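Presented below is the structure to which this report refers.
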Amino acid sequence: MLRGVRDSLVVVVPLTAAAALLPFAYSNELLLFNFIVFLVLAQGVNVIYGFTGYLPFGYVGFFGTGAYGFSLAVIHLHLFPLVALGLGAAAAVLLALLLTPLFRLSGAYFAIASFAAAFAVYEVVSNPHLDAITKGPYGISLSQIYNPQLSYGVAVVILAVTLGVTVYLKNSRFGLSLRSIRDDSLSAAMAGVNVVRARTLAWLISALIAGLIGGVFAWYVSVFYPETVFGAEFSVFAIVFALFGGVATVSGPVLGVIFLYGIYNVIGISAPQYFQLIYGLLIMGLVLFLPGGVVPLLRRWGIDVP
Amino acid sequence: MSPEKEAPLLAVEALEKRFSGFRALDGVSFEVRPGEILGLVGPNGSGKTTCINVITGLYRPDGGKVTFEGHPINGLPSHRLARLGVNRTFQVPRPFPSLTVRENVAVAAYHGRRAGGAEIETLLLSLELDAYADKPAADLNSAQQKMLDLARALATGPRLLCVDELAAGLSRTELERVALRLRAFAGSGIALLVVEHLMGFIGEVTDRVVVLNAGKIIFEGTLAEAIRDRRVVEVFLGTEHAV
Amino acid sequence: MMLEYALLAGAIFGLYFALAGLGLNLVFGVMRIVNLAHGDFMMLGAFSAFWLFRLIHLNPLFSALFVLALFALLGLPLYYLLVPPLLRAKDPEMLSFILFFGFSQAIEALAAIAFGPSERSLPGRLLGRGPIRILGQAFPAAWTWSGIASAAAVLAVYLYLYHSRLGYLTRAVMEDREEALATGIDVHFVSAIAFGLGLALAGIAGVFAPFMLGSATPSMGLGLTLQSFVVIVIGSLGNPLGTVLGGIIYGVSLMFMQTYFSSWASLLPYVLLILILLVRPSGLLGRQVRRA
Chain A
454 MLRGVRDSLV VVVPLTAAAA LLPFAYSNEL LLFNFIVFLV LAQGVNVIYG
504 FTGYLPFGYV GFFGTGAYGF SLAVIHLHLF PLVALGLGAA AAVLLALLLT
554 PLFRLSGAYF AIASFAAAFA VYEVVSNPHL DAITKGPYGI SLSQIYNPQL
604 SYGVAVVILA VTLGVTVYLK NSRFGLSLRS IRDDSLSAAM AGVNVVRART
654 LAWLISALIA GLIGGVFAWY VSVFYPETVF GAEFSVFAIV FALFGGVATV
704 SGPVLGVIFL YGIYNVIGIS APQYFQLIYG LLIMGLVLFL PGGVVPLLRR
754 WGIDVP
Chain B
-5 MSPEKEAPLL AVEALEKRFS GFRALDGVSF EVRPGEILGL VGPNGSGKTT
45 CINVITGLYR PDGGKVTFEG HPINGLPSHR LARLGVNRTF QVPRPFPSLT
95 VRENVAVAAY HGRRAGGAEI ETLLLSLELD AYADKPAADL NSAQQKMLDL
145 ARALATGPRL LCVDELAAGL SRTELERVAL RLRAFAGSGI ALLVVEHLMG
195 FIGEVTDRVV VLNAGKIIFE GTLAEAIRDR RVVEVFLGTE HAV
Chain C
54 MMLEYALLAG AIFGLYFALA GLGLNLVFGV MRIVNLAHGD FMMLGAFSAF
104 WLFRLIHLNP LFSALFVLAL FALLGLPLYY LLVPPLLRAK DPEMLSFILF
154 FGFSQAIEAL AAIAFGPSER SLPGRLLGRG PIRILGQAFP AAWTWSGIAS
204 AAAVLAVYLY LYHSRLGYLT RAVMEDREEA LATGIDVHFV SAIAFGLGLA
254 LAGIAGVFAP FMLGSATPSM GLGLTLQSFV VIVIGSLGNP LGTVLGGIIY
304 GVSLMFMQTY FSSWASLLPY VLLILILLVR PSGLLGRQVR RA
């Protein structure tokens, strides 16, 4: 518990405070908002990959589902944004429930199947035949509820909660049981861990996180296309950021986002292919030389990071 | 033999397990009483480990019944069995490599602990793992990993402990210690099912043995009787495990 | 008429998809690793064909031979650089997935830098003018020749695997890597050849991609990998010949979808992949069930 308090003080509080206060000092709010989105997504990947070892290659499926669930609730049911947000997140959790049979697959097949699932959802949402319901490929406009201040604020809250979840997982018995499952699910079962339930719970939490931030993303940008919120780069970036920093830690994904998404904003926007080259090579280097990411390296140097 | 009078803790009846046509277990029946150490012996592929895997919920049996403390337990998932008091060690130890030694034991203590399960620190001390408590399990040598596997099982406070080739690869002195420990567990009322190739070790720790061959029981009794049994000798003759 | 057309076109495309999946499956079968950059090598094959035609007017059929040699040679050092460290790790399958994902991104980026992001295509007449009639149905010559070339490549792989000494050793490694090592087979050399062959097959499939799939862009790789994965999952992971069955089933279902439910055809590969992984993870010809 003490470690949980310490982790919160070192990571959650300063990061949340920075996210909340920086807009007063820095004018590019969209950039800050995108940072929040990727901090949340990288932690969401951390929850499922770091703590259970299943790589959600199609993680963006939950983000996009959250965004569309939110938007359709606003458009068709005329719900208040905060209520609609709940519906968007519920849609993402529902998708995750539908996909639980994928856990029968071992590592790489799970990754590929989840990737295919995200594509499948995108194909359905963007299908011109569903124009009346989803607006098909023509995109969503939510100008009637456009409210950058409030949606930014909600994003900050989601960030704080998500970071809190990872602090909890790192320091709790539930988190320990997840890590034991990741290491050896048979042994974990013999230790009395309900493997199926624990894994499913982590999966649903991870989907909930992506669904929430997806909904807020839709709210904040308010005009978007299916390929905006189902773009594979959301999954790819979130995974790369989390891997780079080091999963199953609190600070790893945070460091990954700040460093790599920082680089992206310096060179990636004007020359995306150079950024892609850098992170492609970086991943290869990580797998070959630093499989645990940066945080374990810092720890080996005696720097105690959460 | 006083345990004979007590009700059996574990009763296995006509157990069957097939793997795509191959009968790994073909009508196996035996009983284990509280505090008893039953040896499960037989040549490679005779079904010893399969038997443990079925009892501990890794495999579903294709036929037959497993009863524990009077309740049917076949088909229950492993974590339920662990909480009921059925546990095991693995032939090749399977600790959680990225967790520390203490965390390895803690997982079982938090999630599978029954009343009477040993304290984490006591277990680490008694299995001589206390010096490595904060090291990742991956750093342990194989003998220590076996002890950690055992500690993980003991942390749940088992009533029945299946021990799959714990002795293989241990040194003479380590063997003696392990034998003493197993006897001590039995003394505290735990029933043990011991799969082992080393006949000396089996003779030292078990009260009774069941000899398996090709998924069938060919002998049941003490080891001393077994080595005089013609069929048992035939099965083992010419193999490295002959007594 | 539509039915016959869909069946025949499906078979032609099926042969092509079999070729596309074959290299991926060979690498998986021999090394038990997932080459997520497979589609990017197809993309490189497509761009090779494009530039060889643009610069020296080389016919794609000859480009295919050139690509075969070049990619196979490229595969050897790449194998020794990337694969042995993976095979020593705890979970090679998962690690390979991530490593080759990085590789795929790097290749895609380099291709975008070198060739620009625009779509490139090759005129179909390079592979013959006018439609070719098969069983009363007319198909573009480019399709027909791509199908024939695919069949030839598949046949060559079959002959290699089942009627050559190295192929025999390759199958031994596929059957049981440890056993092969114990019997003194130079497992790394055999694997390196298989890796090179895998890339070469991807390259050849890439050469015909502009004819079969319309055009080539640097970012087409990941989609192609996924499609190839569908094909080999249908057939059977690790069984190269199962790929042919997988390819034809996939090709025919795709053509059926495009003929009768064209608006939902794009869903097919994803739904098919998920369903087959869940219902029969070992593929239609597989024996071994793969589960966590």
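Protein chains in written order, with the numbering used here: chain A, 454 to 759; chain B, -5 to 237; chain C, 54 to 345.
Cβ atoms here follow ideal geometry from the backbone N, Cα and C, with glycine treated the same way.
These figures come from a predicted structure and were not determined experimentally.
Kindly indicate which residue of the options has the alpha-carbon position closest to the one of residue i.
i: Ala247 of chain C; options: C:Gly288, C:Arg141, C:Met265, C:Val136; result: C:Val136
i: Leu123 of chain B; options: B:Leu186, B:Gly183, B:Arg96, B:Gly79; result: B:Arg96
i: Ala253 of chain C; options: C:Glu231, C:Leu111, C:Leu72, C:Gly274; result: C:Leu72
i: Ala131 of chain B; options: B:Leu148, B:Met141, B:Leu93; result: B:Leu93
i: Asn668 of chain A; options: A:Val618, A:Phe728, A:Phe683; result: In the sequence on display, residue 668 of chain A carries Gly and not Asn. Looking at the Cα atoms, A:Phe683 is the closest of the given residues.
i: Tyr213 of chain C; options: C:Ile285, C:Asp229, C:Ala162, C:Pro293; result: C:Pro293
i: Ala660 of chain A; options: A:Val463, A:Phe486, A:Leu551, A:Val465; result: A:Leu551
i: Glu198 of chain B; options: B:Arg177, B:Val227, B:Ala185; result: B:Arg177
i: Leu331 of chain C; options: A:Leu696, A:Val546, A:Phe556; result: A:Phe556
i: Ala545 of chain A; options: A:Leu530, A:Phe515, A:Leu583; result: A:Phe515
i: Leu154 of chain B; options: B:Asn207, B:Leu142, B:Leu75, B:Thr167; result: B:Leu75
i: Pro764 of chain A; options: A:Leu612, A:Asn718, A:Val674, A:Pro725; result: This structure cannot speak to residue 764 of chain A, because chain A is shown only from 454 to 759.
i: Asn202 of chain B; options: B:Asp20, B:Val22, B:Leu34; result: According to the sequence displayed, residue 202 of chain B carries Arg and not Asn. With distances taken between Cα atoms, Arg202 of chain B lies closest to B:Leu34.
i: Gly15 of chain B; options: B:Lys210, B:Arg175, B:Asp56; result: B:Asp56
i: Pro170 of chain C; options: C:Phe100, C:Gly259, C:Gly251; result: C:Phe100
When the distance is taken between beta carbons, is residue j closer than 8 Å to residue i?
i: Glu190 of chain B; j: Ala161 of chain B; result: yes
i: Glu30 of chain B; j: Ala180 of chain B; result: yes
i: Val83 of chain C; j: Ile257 of chain C; result: no
i: Phe192 of chain C; j: Ile65 of chain C; result: yes
i: Ala641 of chain A; j: Val648 of chain A; result: yes
i: Tyr512 of chain A; j: Gly522 of chain A; result: no
i: Val101 of chain B; j: Ala651 of chain A; result: no
i: Thr50 of chain B; j: Val80 of chain B; result: yes
i: Leu217 of chain B; j: Val26 of chain B; result: no
i: Ile67 of chain B; j: Asp158 of chain B; result: no
i: Met55 of chain C; j: Leu277 of chain C; result: no
i: Gly74 of chain C; j: Ser281 of chain C; result: yes
i: Gly155 of chain C; j: Gly733 of chain A; result: yes
For the beta strand (DSSP E) containing residue i, name the first residue and the last one.
i: Val254 of chain B; result: The question about residue 254 of chain B has no answer here: the residues shown for chain B are numbered -5 through 237.
i: Glu214 of chain B; result: 210 to 215
i: Ala18 of chain B; result: 16 to 26
i: Leu34 of chain B; result: 31 to 35
Considering just the uninterrupted stretch of the alpha helix (DSSP H) at residue i, what are its terminal residues?
i: Leu186 of chain B; result: Per DSSP, Leu186 of chain B belongs to no alpha helix (DSSP H); it is in the beta strand (DSSP E), 185 to 189.
i: Thr61 of chain B; result: First-last for Thr61 of chain B: 57 to 62, but that is the beta strand (DSSP E), not the alpha helix (DSSP H).
i: Ala561 of chain A; result: 560 to 578
i: Arg753 of chain A; result: 747 to 753
If I measure Cβ to Cβ from residue i and keep anything under 7 Å in the same chain, skipping five residues before and after, which residues do I get?
i: Leu275 of chain C; result: Gly92, Ser157
i: Ile86 of chain C; result: Val80, Val136, Leu139, Pro145, Glu146, Ser149
i: Glu31 of chain C; result: Given a span of 54 to 345 for chain C in the structure shown, any question on residue 31 of chain C remains unanswerable.
i: Phe213 of chain B; result: Val205, Ala220, Asp223, Arg225, Val226
i: Leu60 of chain C; result: Val305
i: Asp143 of chain B; result: Thr83, Phe84, Pro87, Arg88, Pro89
Report all residues from its chain with a CB closer than 8 Å to the CB of residue i; omit the five preceding and five following residues, and keep chain order.
i: Val646 of chain A; result: Ser630, Ser633, Ile634
i: Arg340 of chain C; result: Note that Arg340 of chain C scores 47 on pLDDT, short of 50, meaning its location in the model is unreliable; the coordinates nonetheless yield the value given after this. Contacts found: none.
i: Val500 of chain A; result: Val618, Thr619, Leu622, Ala655, Ile658, Ser659, Ile662
i: Ile565 of chain A; result: Phe510
i: Pro(-3) of chain B; result: Unreliable positioning characterises Pro(-3) of chain B in this predicted model, as indicated by a pLDDT of 46, which lies under 50. The coordinate reading is nonetheless provided below. So the qualifying residues of the chain are Arg27, Pro28, Gly29, Glu30, Asp201.
Between which residues of its own chain and residue i is the CB-CB distance below 6 Å, once the five residues before and five after are set aside?
i: Glu234 of chain B; result: With a pLDDT of 48 at Glu234 of chain B, under the threshold of 50, the predicted position of this residue should be treated as unreliable, and no value is reported.
i: Thr615 of chain A; result: Val493, Gln496, Ile662
i: Thr61 of chain B; result: Ala5
i: Arg344 of chain C; result: Its pLDDT being 34, under 50, Arg344 of chain C is placed unreliably by the model, and the measurement read from it follows with that caveat. Closer than 6 Å at Cβ, skipping near neighbours: no residue.
i: Gly457 of chain A; result: Val620, Asn624
Any beta carbon of chain F sitting closer than 8 Å to that of residue i?
i: Ile666 of chain A; result: Annotation note: the requested chain F is absent from the structure, which comprises protein chains A, B and C.
Query raised in the report: Can you list, in chain order, the stretches of the beta strand (DSSP E) that have 3 or more residues and sit fully within the segment 127 to 180 of chain B?
Result: 154 to 158
**Report entry** Residue ranges of each alpha helix (DSSP H) within the segment 286 to 327 of chain C, 4 or longer
**Finding:** 295 to 313
Requested in this report: List in chain order: all unbroken alpha helix (DSSP H) runs of 4+ residues lying wholly within the segment 673 to 699 of chain A.
Outcome: 679 to 682, 685 to 698
**Report entry** Continuous alpha helix (DSSP H) assignments of at least 4 residues falling wholly in the segment 586 to 667 of chain A
**Finding:** 601 to 624, 626 to 636, 638 to 643
**Report entry** Any beta strand (DSSP E) of 3 or more consecutive residues that is wholly inside the segment 85 to 155 of chain C
**Finding:** none
Query - Ranges of the alpha helix (DSSP H) found wholly within the segment 467 to 545 of chain A, counting only runs of at least 4 - result: 482 to 498, 513 to 530
Query raised in the report: Quick one: complete alpha helix (DSSP H) runs, 4+ long, within the segment 59 to 128 of chain B?
Result: 72 to 78, 95 to 105, 114 to 120
**Report entry** Entirely enclosed alpha helix (DSSP H) segments - the segment 200 to 267 of chain C, minimum 4 residues
**Finding:** 218 to 228, 230 to 235, 240 to 266
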